[in-house]
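Taken in sequence, the protein lines are chains V and H. Take any residue in the first sequence, count from 1 to its spot, add 14: that is its number in my numbering. Take any residue in the second sequence, count from 1 to its spot, add 14: that is its number in my numbering. This report concerns only the one structure given below.
Number of protein chains: 2
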Amino acid sequence: MSLIVTGSIGIDTVITPVGRAENVLGGSCVYFSAAASFFTPVRLVAAVGEDFPDEHMGVFEHFDIDTAGLERRAGAKTFRWTGEYQQNMNDRETLAVELNVLGEQLPPVPEAFKDSKFIFLANTHPSAQLALLEQFPNAELVVADTMDLWINTAAEELAALLKKIDGLVLNDSEALLLTGETNMVIASQKIVEMGPKFVVIKKGEHGCLLNHTDGVAVLHAYPSGNVVDPTGAGDSFAGGMMGYLASDQVSDHLDLGAIKRALAYGTIVASYNIESFTLDRLREITREDIDRRLAEYADIIRFD
Amino acid sequence: MSLIVTGSIGIDTVITPVGRAENVLGGSCVYFSAAASFFTPVRLVAAVGEDFPDEHMGVFEHFDIDTAGLERRAGAKTFRWTGEYQQNMNDRETLAVELNVLGEQLPPVPEAFKDSKFIFLANTHPSAQLALLEQFPNAELVVADTMDLWINTAAEELAALLKKIDGLVLNDSEALLLTGETNMVIASQKIVEMGPKFVVIKKGEHGCLLNHTDGVAVLHAYPSGNVVDPTGAGDSFAGGMMGYLASDQVSDHLDLGAIKRALAYGTIVASYNIESFTLDRLREITREDIDRRLAEYADIIRFD
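Okay, structure coming up:
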């Protein structure tokens with residue numbers, strides 16, 4: 015079913031201990047929508063600048079993403095990010111960032127997108143997330159991402175957002191910041207008490223923790239010895255999760271079991287994503303590859 | 015079957031964000047043997063000093079641990095440790111340590127213990143571990159623990175030890191130190207290539223990674239919102255693991271599936287251990303409690 019995502023499209027330069035990629039396609043909603051597209055049709059609302067290379071449009075075609083909401087803005091430049099990962103592939107440093115079009119208004123949501131039922135509110139100011147949400151009167155599942163900046167500077171707006179969404183995705187340091195709790199089980203419980211029916215705390219290479227009104231779950235990450243570039247791991251995880259939940263394989267998308275399977279799919283798509291720079295690896299794989307690794311992963315994490 | 019363990023017995027003073035315990039029973043082989051005793055008879059070889067309080071002997075009786083190898087050494091004092099945990103319950107600082115009897119010779123292995131088949135070589139100089147191992151001609155499963163000190167100062171002896179043991183247990187920072195690899199999948203693979211049939215890398219609240227000649231496994235830790243004192247978590251994890259492998263429930267104790275179940279049991283015993291200071295919580299529970307939480311845990315980590 016119709017899954018819509020907003021967020022950043024960027025031109026990235028990435029340095030990792032195993033190599034370097036210059037001026038490659040990146041951005042949260044690119045990784046998210048590519049990952050989700052393995053499961054369901056994806057609609058994208060985002061802006062790029064006049065400088066956005068035509069060759070990058072081929073990626074959206076490859077993943078069959080509906081780009082009716084993609085605006086190539088006259089007089090604007092595309093968001094650019096340069097980052098370098100440390101030896102542990104976990105810590106990274108932003109070497110340069112140019113917000114460019116990302117600092118301006120989001121393009122309008124096309125009329126044809128307003129019937130979307132599955133909404134992923136990518137990380138931006140919670141007031142903008144709330145305003146965007148109002149444009150989808152048929153929303154059945156709304157999941158939001160957030161970050162330290164909004165927790166620190168827009169706490170009231172974030173609190174209002176949390177009362178209107180079904181799920182929140184954030185990382186462990188953000189969960190600590192939001193709740194003051196270092197224990198992620200307690201932190202996640204406090205977040206569920208703030209409004210959403212479930213929260214997913216991402217822990218990078220260690221996996222994720224789900225707190226849902228019906229129970230708690232933990233999934234270790236897929237143990238990968240082949241990490242080339244972690245950029246987009248969190249976005250492709252969220253994309254795989256939302257894509258599966260929006261797919262016609264799922265009848266009750268708020269069911270604890272369905273969300274656990276969704277997290278497993280997110281884990282697997284992210285495990286492929288980190289095997290290359292930009293979307294190179296995701297472009298090579300099929301849904302069958304995902305299902306094959308999912309079965310292997312199920313064996314790896316079970317003991318009974 | 016007969017499981018033997020050596021290591022430290024200590025009198026601990028522990029400060030955590032939720033409380034403080036003074037002069038309580040601690041030490042690696044106390045936590046290990048209590049945890050293992052839920053599954054199999056345990057034999058202990060260790061020394062305490064004249065100052066060791068009689069009341070602490072009740073703990074060994076409670077867990078039915080064979081203390082024929084426990085020496086109360088005349089003229090010596092018991093090992094003492096004082097430590098404080100930070101808010102995150104992960105990082106800890108040693109405030110005071112008195113090696114005392116722990117800096118002297120280990121007591122002799124009683125003749126009656128020399129037919130032991132399951133051997134856990136607790137963390138000490140690898141030469142001492144090798145010498146100890148020679149006293150068990152019927153050994154069927156030998157697992158060793160180690161630490162940064164020996165990796166840094168006794169690399170050659172440690173390399174010799176790794177060729178003689180079946181399994182190694184260590185934490186992630188030690189695995190990095192031993193192999194130079196930050197990726198734990200690659201690090202664990204390199205350790206298996208050094209000799210042991212399997213290695214278990216402990217990652218605290220994030221769980222553990224197993225690399226075995228037949229495959230890789232990852233187990234997230236049991237998600238606990240009730241952490242009172244993490245002291246002994248790693249030792250009770252190893253004790254639960256070895257206790258299960260030495261139990262008559264296991265026919266092939268080098269089988270990948272058996273070791274995965276053993277890691278799950280270790281995870282569950284450790285999850286109880288951290289719910290109190292010293293062994294208070296382990297003294298309250300039974301094997302039935304462990305099996306009940308194990309079943310709950312199996313549900314928490316599975317998605318299919």
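We put the beta carbon where it would ideally sit given N, CA and C, even for glycine.
Asked	Found
At least three beta-carbon pairs within less than 8 Å, the segment 302 to 313 of chain H to the segment 262 to 270 of chain H	no
is_contact[residue 251 of chain V, chain C] using C-beta, thresh 9 Å	Absent from the structure: chain C. Protein chains present are V and H.
Extent of the continuous beta strand (DSSP E) to which residue 253 of chain H belongs	Segment 247 to 260 is the alpha helix (DSSP H) holding residue 253 of chain H; no beta strand (DSSP E) there.
Euclidean distance between Cα positions of residue 93 of chain V and residue 222 of chain V	29 Å
Given 8 Å, three or more beta-carbon pairs between the segment 28 to 45 of chain V and the segment 144 to 155 of chain V	no
Residues of its chain near residue 284 of chain H, where Cβ-Cβ distance is below 6 Å and the 5 sequence neighbours each way are ignored	247, 250 and 251
Neighbour flag for residue 149 of chain H against chain V, beta carbons, 9 Å	no
For residue 278 of chain V and residue 255 of chain V, the rounded distance between their alpha carbons	8 Å
Cutoff 9 Å: residue 126 of chain H Cβ touching any chain V Cβ	no
Residue-level contact to chain V via CB, residue 157 of chain H, 9 Å cutoff	no
Under 9 Å between C-beta atoms of residue 90 of chain H and residue 118 of chain H	yes
Pick from V:244, V:202 and V:147 that is closest to residue 106 of chain V, judged by C-alpha positions	V:244
Any 3 or more C-beta pairs closer than 8 Å across the segment 201 to 211 of chain H and the segment 286 to 303 of chain V	no
Through-space distance from residue 95 of chain H to residue 26 of chain H, alpha-carbon basis	5 Å
Neighbourhood of residue 181 of chain H by C-beta distance below 6 Å, restricted to the same chain and skipping five residues each side	157, 210 and 212
Chain-ordered chain H contacts of residue 275 of chain V [CB-CB under 9 Å]	317 and 318
CB contact below 9 Å: residue 238 of chain V versus chain H	yes
Close Cβ partners of residue 108 of chain V (< 8 Å) along its chain, the five nearest in sequence each way excluded	95, 96 and 97
Neighbour flag for residue 233 of chain V against chain H, beta carbons, 9 Å	yes
Same chain, Cβ closer than 6 Å to residue 216 of chain V, five either side skipped, listed in chain order	185, 222 and 248
Residue interval of the alpha helix (DSSP H) (run including residue 120 of chain V)	No alpha helix (DSSP H) contains residue 120 of chain V, which DSSP labels as neither H nor E.
Inter-residue Cα distance where the pair is residue 102 of chain H and residue 196 of chain V	5 Å
Partners in chain V for residue 230 of chain H, counting only beta-carbon separations shorter than 8 Å	237 and 314
Contact list for residue 278 of chain V against chain H, beta-carbon separation under 7 Å	317
Proximal residues of chain V, C-beta to C-beta of residue 221 of chain H below 9 Å	220, 221, 232 and 234
Chain H within 9 Å of residue 217 of chain V, Cβ atoms only	yes
Cα-Cα separation, residue 227 of chain H to residue 81 of chain H	35 Å
Three-state class that DSSP yields for residue 195 of chain V in the structure shown	coil
Residue-level contact to chain V via CB, residue 263 of chain H, 9 Å cutoff	no
Three-state class that DSSP yields for residue 134 of chain H in the structure shown	strand
CB contact flag (residue 115 of chain V, residue 62 of chain V, <9 Å)	yes
Distance CB(residue 257 of chain H)-CB(residue 50 of chain H) smaller than 9 Å	yes
Residue closest to residue 219 of chain H, alpha-carbon to alpha-carbon, out of V:234, V:214 and V:205	V:234
For residue 241 of chain V: DSSP bridge partner residues	Answer by DSSP bridge pairing: none, since residue 241 of chain V is not bridged.
Cβ shell of residue 86 of chain H (< 7 Å), same chain only, five flanking positions each side left out	62, 64 and 66
For residue 263 of chain V and residue 132 of chain H, the rounded distance between their alpha carbons	48 Å
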